[in-house]
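Number of protein chains: 2
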Amino acid sequence: MKCGLVAADGALLHRETRPTPRDAGGRAVLDALLETVVELSQKATADGHRVRAIGVVVPGVIDAEHGTVGAENLEWVATPVLAELKAAISDDVPIVLAHDVRAGGYAELRHGALAGTTNSMFLPLGTGIAAAMIVDGSLVSGDGYAGELGHSKFIYGDTAELCACGQWGCLETVASAAALARRYTARTGRTVDGAREVMELLAAGDPDAEKVWQDALAALIDALVLYTTLVAPTRIAIGGGLVGAGETLLQPLREGVHARLTFQREPEIVAAVLGEEAGMLGAAQMAWDSVTADEEETA
Amino acid sequence: MKCGLVAADGALLHRETRPTPRDAGGRAVLDALLETVVELSQKATADGHRVRAIGVVVPGVIDAEHGTVGAENLEWVATPVLAELKAAISDDVPIVLAHDVRAGGYAELRHGALAGTTNSMFLPLGTGIAAAMIVDGSLVSGDGYAGELGHSKFIYGDTAELCACGQWGCLETVASAAALARRYTARTGRTVDGAREVMELLAAGDPDAEKVWQDALAALIDALVLYTTLVAPTRIAIGGGLVGAGETLLQPLREGVHARLTFQREPEIVAAVLGEEAGMLGAAQMAWDSVTADEEETA
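In order, the protein sequences belong to chains P and H.
So for the first sequence, our numbering puts the first residue at 185; every next one is plus one.
So for the second sequence, our numbering puts the first residue at 185; every next one is plus one.
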C-alpha cells in the first residue's frame, strides 16, 4: 500500500509503503487499510497539520451508491469499505473512495502526462492491466465498471490462454508484467525474476524473450488501435512497471499503431510521468477536489 | 435522405425521403442537402409554422470547431457543410450539425429504447456499423471521431477480409447488412437481394446462409463483450436493417454475451424502437434542445 500526506498545493509532505496482507484474507486487508488511514491521520495531526479529506483508492469494482467494493485479489465481495472507513475515523472528514487506476489517470490528467487533454487514456502495464479513460473532458467511471481493457480479448485462436478473470485471450494474459515472466518460464522452463529479467534477456538477444515480447507488443498494438477507433483519444500515456523499458516499448507501439490506422485520428503515445505514486497522488487530488467542491457549494 | 418537420413536442408534422446523388459526386450531394433544407423551410412557413432550428445529420467525421465534414462515401473532404448551410438559409436560425448514428442514439436515449439509461449503446447494423455511446450520462463525441465499433477488428487470422476503410477484419466486413449479402454471394456465386434474402434463405435452412449468419453473430458477440468490458453499458439497443430479424438476432446475441462474461456487469440487449427515422428524430431533438439551451442562457 502506497500512502502519503499531501498538502492543498499538491506538495507531498510524507510518504510510506505498507504491506498488503493478502494471504491473511479480505478482513485482514481491510483492517490494514483502516489502521493505515487512522495512523496517517494521527501523524498528520502530530505534525501540526489538519486532515481536510481522505482519499482511498482500491483495485476493484466500486459501487459508489453503497460504498462497497468487489476485488477478487483482495478477497473482497461487496465489502463495505466506505462505512468501515467512516466508523474508523472519528472526525467528520470527507472520504473519497475510488479506483486505483482511475485515480492514477486523474493525477496524470491534472498534473502529468495527460494534462490539457480532453480525450485520452492512462494505461498502466503492471501485474495487471486496466485503463483510465478520459472522454470529452471527464474521467469515465461506468458506475465503477469501465476501463477493463486488460480483460478484453485480443488473442484469438489456439494460442488464447485462460485469464485469471475466467475469460480466454485477455490482453493481460500476454502483455502484463506478470504475463511476460510467466510466459517466458512456460516456454523455457527457466524461472525468472519478473518482467525485469525478461527485459534483460531481451536486451541480450534471447530468442524466447524476443518471442514473448513480440506477442505482448502485438496484443498491445491491437488494443491501442481498437481503443483509438472506438474512443478517439488524442494522447495515450503508458504507465506501470513495463514503461521502465522506455522507447523499447513505446517506439514499436507508435510504429505499430501508425501503420494500422486508416481514417482514425492518431494519438500521441507517451510515457506516464507520475510513476508508482500516480494512484496515491490521484487519491489525494480527488480528496482535495471534494473539499473544494464542498466549499463552492457552501459559498 | 430522410427528412421531416418536427414540432417542439416531438410531433412529426411532415416526412419525406429524397435520393442522395452519390454517383454525381460530393458537390452534388451537398447541393441536394442545401436544396432539401431550403425547400423544407419554405414548406414549414407555407404550412403556417415558424422554423426555430435546423438539425442536419451526416454519416462522417464532423469537425465541430470548423463545421466541416469528412465522409468517404459522400466524397466529402473537410467540406464546409455548416458554412454552406448558413449561407443557404437566409434567416438567422440555429443550425445543429451532428453525426447520424449519434443523433439516432440521442433519439433512442431521449424517447426510445435507451430512455432512463446513463451508460448504454445504440448499435445500428445497416449498410455500415457505428455505435452511439452514452457514457456517464452523456453522448460521447470524441471530437467527432468516437464510436467506430464497426471498424474495430474482431476477425483475426486468415479469414480476415479487407474493409472499405483500409483495415483488415473489421466487424463491418462480416456483420453489416451489406456484408451478409456480399459474403453469401462470395460463398455461393449466387446474387441475392440484400441481407433480406440471406435471412429468408437462413429461415429456409440454407447451409451457406447459416454459415454467413453464424460468422456475423460470432463477431457481434465479440464486439458486444468487448464494449461491455471496456465501457460497461447497462443496455445495448441494436438498430438498423438487421434488427428486423428480431429474436433470430437478439436471442443468440444475449446468450452468447451471457456465456462469455465473467466479472463484468451484464447489459440488457434489446431492439431499438425508432427504426429508420431515429437519425432524423435525433437531429430534430438536438435542434430543439439548442433552442431551449439558448433561451435558458438568455433568461
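For each residue, glycine too, the CB sits at the ideal point set by N, CA and C.
Classify residue i as helix, strand or coil using the three-state DSSP reduction.
| i | result |
| --- | --- |
| H/His250 | coil |
| H/Ile273 | coil |
| H/His198 | strand |
| H/Ser325 | coil |
| H/Arg211 | helix |
| H/Pro205 | coil |
| H/Met305 | strand |
| H/Glu452 | strand |
| H/Leu434 | helix |
| H/Pro317 | Before going further, note that residue 317 of chain H is Met rather than Pro in the sequence given. Of the three classes helix, strand and coil, the one that applies to H/Met317 here is strand, per DSSP. |
| H/Gly341 | helix |
| P/Gly466 | helix |
| H/His233 | coil |
| P/Val475 | helix |
| P/Gly239 | strand |
| P/Ala403 | helix |
| P/Leu346 | strand |
| H/Val221 | helix |
| H/Val376 | coil |
| P/Ala255 | strand |
| P/Ala262 | strand |
| H/Ala483 | Residue placement at H/Ala483 is flagged as unreliable, the pLDDT there being 49, under the threshold of 50; the coordinate-derived value follows with that caveat. Looking at H/Ala483 - three-state DSSP - the assignment turns out to be coil, as it is neither helix nor strand. |
| P/Leu298 | coil |
| P/Ala370 | helix |
| H/Gly423 | strand |
| H/Val457 | coil |
| H/Leu293 | helix |
Should residue i and residue j be called a contact, given that it needs their Cβ atoms to be closer than 8 Å?
| i | j | result |
| --- | --- | --- |
| P/Leu408 | P/Val441 | yes |
| H/Ala255 | H/Ala471 | no |
| P/Ala248 | P/Asp193 | no |
| H/Asp478 | H/Pro278 | yes |
| P/Gly288 | P/Ala462 | yes |
| H/Leu414 | P/Ala208 | no |
| P/Ile273 | P/Leu298 | no |
| P/Ile313 | P/Leu293 | no |
| P/Ala316 | P/Met305 | yes |
| H/Ala468 | H/Gly251 | no |
| P/Val235 | P/Val242 | no |
| P/Ala388 | P/Leu364 | no |
| P/Gly296 | P/Leu458 | yes |
| P/Leu269 | P/Val190 | no |
| P/Leu426 | P/Leu437 | no |
| H/Asn257 | H/Pro417 | no |
| H/Val396 | H/Arg374 | no |
| H/Ala400 | H/Ile339 | no |
| H/Met185 | H/Arg211 | no |
| H/Asp489 | P/Val324 | Shown here, chain H extends from 185 to 483; a query on residue 489 of chain H therefore has no answer. |
| H/Ser336 | H/Cys349 | no |
| P/Leu224 | P/Ile246 | no |
| P/Asp392 | P/Tyr411 | no |
| P/Ala429 | P/Met383 | yes |
| P/Arg419 | P/Glu452 | yes |
So with CB distances below 7 Å, who are the chain H contacts of residue i?
| i | result |
| --- | --- |
| P/Tyr329 | Ala416, Gln448 and Arg449 |
| P/Glu249 | None at all; the shortest Cβ gap to chain H is about 12 Å. |
Determine the chain P residues that contact residue i at a beta-carbon separation under 7 Å, and present them in chain order.
| i | result |
| --- | --- |
| H/Asn257 | In chain order: nothing, as chain P lies at least about 11 Å away. |
| H/Glu452 | Simply none; closest approach about 14 Å. |
What residues of chain H sit near residue i, judged by a beta carbon separation below 8 Å?
| i | result |
| --- | --- |
| P/Arg444 | Gln351 |
| P/Val324 | Val319, Asp320 and Val415 |
| P/Glu356 | In chain order: nothing, as chain H lies at least about 11 Å away. |
| P/Glu292 | Those within 8 Å of P/Glu292 in chain H number zero; the least Cβ separation is about 19 Å. |
Mind checking whether the beta-carbon of residue i lies closer than 7 Å to any heavy atom of the ligand SAH?
| i | result |
| --- | --- |
| H/Glu450 | Annotation note on the ligand SAH: not contained in the displayed structure, which lists no ligands. |
Name the chain H residues that come within less than 9 Å of residue i, Cβ to Cβ?
| i | result |
| --- | --- |
| P/Glu439 | The contacting residues do not exist; P/Glu439 stays about 16 Å from chain H at best. |
| P/Glu394 | The premise fails here: P/Glu394 is roughly 22 Å from chain H at the closest Cβ pair, so nothing lies under 9 Å. |
Can a CB atom of chain A be found closer than 8 Å to the CB of residue i?
| i | result |
| --- | --- |
| H/Glu479 | Although the question refers to chain A, the structure presented lacks it and instead comprises the protein chains P and H. |
Legend entry - Residues from the region 334–345 of chain P in contact with chain H, defined by Cβ distance under 8 Å: His335, Ser336, Lys337, Tyr340 and Gly341
Legend entry - Stretch-stretch touch, CB-based, cutoff 8 Å, three pairs: the region 208–216 of chain P with the region 429–448 of chain P: no
Inset, instruction - Could you run through the region 402–430 of chain P and flag, in chain order, every residue whose CB is less than 9 Å away from some CB of chain H? - result: Asp406, Val409, Leu410, Tyr411, Thr412, Thr413, Leu414, Val415, Ala416, Pro417 and Thr418
Inset, instruction - Check distances from the C-beta atoms of the region 307–320 of chain P to those of chain H and list, in chain order, the residues that come in under 7 Å. - result: Val319 and Asp320
Legend entry - Residues of the region 188–217 of chain P whose Cβ lies closer than 9 Å to any Cβ of chain H, in chain order: none
Inset, instruction - Assess, as a yes-or-no matter, whether the region 354–367 of chain H is touched by the region 305–317 of chain H under the definition of 3 or more beta carbon pairs within less than 8 Å. - result: yes
Inset, instruction - Please list the residues of the region 450–474 of chain P that have a C-beta atom closer than 9 Å to any C-beta atom in chain H, keeping them in chain order. - result: none
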